[in-house]
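Worksheet: the structure to be examined is printed underneath.
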Amino acid sequence: MLNFILVKEMCVKGFAHIIRRSTLVNLWPLLLPAAAFSGWVAAHRNPHKKIERQTNRLSREYVVGLNYLLNEQPDKAVDIFIKLLEVDSETVETHLALGSLFRRRGEVDRAIRIHQNLIARPQLSLSERKEALMALGQDYMSAGVFDRAERIFLEVVDLGGRGEARSLQELMAIYQQEKAWDKALNTLHKFELVTGQTLATQAAHFHCEIAEQYLKRNQIDKAFQSIRQALAVDKLCVRASLMQATLEMRQGRYKIAIRALRRVPQQDAEFLSEIISPLVHCYREINTMEECIEFLQKTLWDHPRASTIFVIADYIREKEGMDQAVDFVSEQLQKHPSIRGLNRLIFWHLESAQGKVRDKLQMLYAITSKFLDDKPIYRCGHCGFGGKHLHWQCPSCKQWSRTKPVHGLEGD
Ligand SMILES: [Zn+2]
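Numbering-wise (my numbering), the sequence shown opens with residue -3 and increments by one.
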């Protein structure tokens, strides 16, 4: 409706040629801020002629600014909008909208100019100043100038009140980007205090990240301590259990490692395939593979996974021979069809096949192997990002603990 009013006004003022010259699809987003201003003008119509003359002049100047935008001369447009702000600070909202529009279009320098100009105005109210500061902080984030963005969001946090929680979230994003995990953790605690929300999953990952940093410096005890802290804030943290198991294995404490690994299916059964290989390693080290197979057979009932089937099948092959192992895999495949299982079955048949049968099996093996090579092993449940590596923080949507192993026909 506001857009319609503005277009009508512009036609009356003889700017119809602007509309004709421009692609309407590109035009609408540019019209929004000016349309908002037009609405403001309409809402503040005053019987006094002086004010009417002033609003007419403002309206005219806005149309001139708009004309520059439409003619792809945004710097001149920015000059006009900034000049207008000096005339009347009532246009703060419009300038914020215009600045964010420039940022969304990737024109961060112009967004920064507009927002810096707003902040320089002494007569801004506290809430307007905070809005402008946060907008400028986002400009710097978009430009990748994190140190400036950090300073600005810290200023908003110091001011307190509305905007504090949002700024703390932005600061957390900056510290995560910079891998400054101690700062990220402190900011998270402040955010929890301010909002009353609990970010246990995120906090546990920050502790795990700190543990990783200790490990790089070979500070094993401190790493263990951070892992314990991760489990204390989030007892469902799979990553902490896996890290603990890896460290215990490194120290040769296989029984403790097994306990940590066997915790994982209760924490999140989706990660079961992550424990199979280390679990087999630990049980082999202490010569108790029967116990391992018993545990895996129990999990197979509730959580059928190709990797579990392979370990049990290998064990059967070792103890009872190839025929029994093939029978076991075939039986499991009927219950839980999987390309990975089929691929393994073909591979085993290849060992004893000859002549034309072998050629055909070879072809089938190549096809299923290629199919599996192209499939992601992990996928983010939030944004769908897939890959061959497990990222605790999704590289695409930045969510924690949302990337998990893929199951079913094409997965494990
Ligand atoms: Zn994602």
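Beta carbons are placed, not taken as given, at the ideal position from N, Cα and C, and that holds for glycine.
Helix, strand or coil for K175, going by three-state DSSP, please let me know. coil
Since Y136 and A145 should fall inside the 8 Å C-beta cutoff, what is the C-beta to C-beta distance between them, to a whole number of angstroms? 4 Å
Going along the chain, which residues of its own chain have a beta-carbon closer than 7 Å to the beta-carbon of R41, five neighbours each way excluded? Residue confidence is low: R41 scores 40 on pLDDT, short of 50, so the model does not pin down where it sits. Its coordinate-derived value is still stated next. Nothing meets the Cβ criterion.
According to DSSP, is P401 part of a helix, a strand, or is it coil? strand
Should M359 go down as buried or exposed, given a rule of 16 or more other Cβ atoms within 10 Å for buried? exposed
Cα separation between H201 and I305? 31 Å
7 Å Cβ shell around I76 - same chain, five flanking residues per side excluded: E57, V60, G61 and Y64
Any residue with its C-beta under 5 Å from a non-hydrogen atom of ligand 1 counts. Can you list them all in chain order? C376, H378, C379, F381, C390, S392 and C393
Going straight from the alpha carbon of F149 to that of W396, what length do you get? 23 Å
Rounded separation between A30 and T90 - CA only: Legend: pLDDT at A30 = 45, less than 50; position of this residue unreliable, value from coordinates given subsequently. Cα-Cα distance, rounded: 7 Å.
Can you list, in chain order, the residues of its chain whose CB lies under 8 Å from that of M285, leaving out five sequence neighbours each side? V276, Y279 and Y311
Quick check: the Cα distance between L238 and V152, rounded to an integer number of angstroms? 39 Å
Do you know offhand how far H449's Cα is from T399's? Lying outside -3 to 408, the shown extent of the chain, residue 449 is not represented and no answer is given.
C-alpha distance - E406 paired with I335, whole-angstrom precision: 6 Å
Classify C393 as helix, strand or coil using the three-state DSSP reduction. DSSP, reduced to helix, strand and coil, places C393 outside both helices and strands of the structure shown, so it counts as coil.
Which whole-angstrom value describes the C-beta separation of W177 and Q198, a residue pair presumed to lie in contact below a C-beta threshold of 8 Å? Not a contact, Cβ separation roughly 11 Å.
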